[in-house]
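Novice:
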DNA sequence: TGTCCAAATGCGAAATATTCTCATTCTTAT
DNA sequence: ATAAGAATGAGAATATTTCGCATTTGGACA
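Residue numbers (this note's numbering), protein chains in the order written: chain B, 544 to 693; chain W, 544 to 693.
Structure, rendered in structure tokens:
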């Protein structure tokens, strides 16, 4: 669905999503576009593959579960989403928007808050250097009881 | 198997492991003793339930896989081991000895190094306070390429 | 030390989560 | 529009973990 005809004089691409996919080296297939648009439109930040599958089904966009898994993994490789391994054994995915952050998770209700701490970021690089590693990524998750659950 | 008869004058308990289990509120059953002894004797720090199962089989101590899972979970609750969710989707367990530490994992070869950083520990408490959480635990894993794999 | 009861174990079935296979359908370059 | 290769869908296959239940065991107490 293009809107270029409604904005004469401005040369628009078919959609931001198509473009984002192509920049990521991924063909702009319908399932991928739908999944990306879904991730951008939902206000739930952390979703399992199953969550994505069911939510999309509910809104009438059926995409096979295997494809959801494949596409989310591709999005992860492309840097479009981040995969987290919170407690529970299954992966959850988060659309990468804005800046990097870490998470603090309530072990009672599952609520997830985001935070960013420059000091911690810096220390991690010091630690990686000390151990001879080149950091590719990191995952810091603090677990605790949130104020609602105390 | 007790050794108290060989140390006259010293009142020894049946074994450290039996004692550790009882202090943890767990009956000193044979499978639990074997698993605990195995964890204490191996020099591999991070093991999956399957790893524990197979290694014990190899050394002639067969314990059902379901029991391994149950016992490791109980040990976790009792604070004897820590469960980690490194990349790969399955849990690995680590015997708690010495002090808390975090991990830096090589994404190529899987090597795991431990580190402890007081500054990061402190910042986490500040962050939890700021968000109204009582920390119960935390998991910081840095991912990178180790010096061998560069 | 023998007995008894609750708790623990073993084993296979079931549940979950994720990946794979392969026939069919799209995408995109031409 | 067409062809070649990539992507998808559906279900089978795998991997990991849990569950149900019959049997065994640990340990409190007589």
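Glycine included, each C-beta is placed from N, C-alpha and C at the ideal position.
#1: Three-state secondary structure (DSSP) at residue 612/B?
#2: When Cβ atoms are compared, which residues of the region 655-668 of chain B fall closer than 8 Å to chain W?
#3: List the endpoints of the continuous alpha helix (DSSP H) containing residue 662/B.
#4: Three or more C-beta pairs closer than 8 Å, one from the region 567-578 of chain B and one from the region 612-625 of chain B: is that the case here?
#5: Between which two residues does the beta strand (DSSP E) carrying residue 656/B extend?
#6: Shorter than 8 Å from the beta carbon of residue 552/W to some beta carbon of chain B?
#7: Across which residues does DSSP place residue 685/W in a beta bridge pair?
#8: Interface residues of chain W around residue 652/B at Cβ under 9 Å?
#9: I'd like the span of the alpha helix (DSSP H) that includes residue 595/B, first residue to last.
#10: Which residues bound the alpha helix (DSSP H) around residue 575/B?
#11: Which one or two residues does DSSP pair with residue 618/B in a beta bridge?
#12: Excluding the 5 residues preceding and the 5 following residue 574/B in the sequence, name in chain order all residues of the same chain whose CB lies nearer than 7 Å to its CB.
#13: How would you list, in chain order, the residues of chain B whose beta-carbon sits under 7 Å from the beta-carbon of residue 680/W?
#14: Against chain B, with Cβ distances strictly below 8 Å, would residue 675/W count as a contact?
#15: Pull up the DSSP beta-bridge partners for residue 694/B, would you.
#16: I'd like the list of long-range same chain contacts for residue 635/B, defined as Cβ closer than 7 Å, with 5 residues on each side in sequence excluded.
#17: In chain W, which residues lie less than 9 Å from residue 683/B when you measure between Cβ atoms?
#18: Under 8 Å, with one C-beta from each stretch per pair, do the region 680-687 of chain W and the region 651-662 of chain B reach the 3-pair mark?
Specialist: Based on what the coordinates show:
#1: Residue 612/B falls in the helix class under three-state DSSP.
#2: Within the region 655-668 of chain B, the residues whose Cβ lies closer than 8 Å to some Cβ of chain W are 656, 658, 660, 662, 663, 666 and 667, listed in chain order.
#3: If you look at residue 662/B, you'll find it in the alpha helix (DSSP H) that goes 661-673.
#4: Touching, per the Cβ criterion.
#5: That run of the beta strand (DSSP E) goes 655-658.
#6: The predicted position of residue 552/W is uncertain, since its pLDDT is 38 and thus under 50; a value taken from the coordinates is nonetheless stated next. No, residue 552/W does not count as interfacial toward chain B.
#7: Answer is 681/B and 647/W.
#8: The CB of residue 652/B never comes closer than 9 Å to any CB in chain W; the least such distance is about 11 Å.
#9: Element bounds for residue 595/B: 592-601.
#10: 573-584 is the extent of the alpha helix (DSSP H) around residue 575/B.
#11: None; residue 618/B has no bridge partner.
#12: The residues are 606, 610 and 614.
#13: Correct list: 686.
#14: Chain B, which has a Cβ nearer than 8 Å to the Cβ of residue 675/W, makes this yes.
#15: Nothing can be reported for residue 694/B: it is not among the residues displayed for chain B, which extend from 544 to 693.
#16: Excluding positions up to five away in sequence, the list reads 589, 590, 591, 627 and 629.
#17: Those are 645, 663, 667, 681, 682, 683, 684 and 685, listed as they occur along chain W.
#18: No, because fewer than three Cβ pairs between the region 680-687 of chain W and the region 651-662 of chain B fall closer than 8 Å, the two stretches do not touch.
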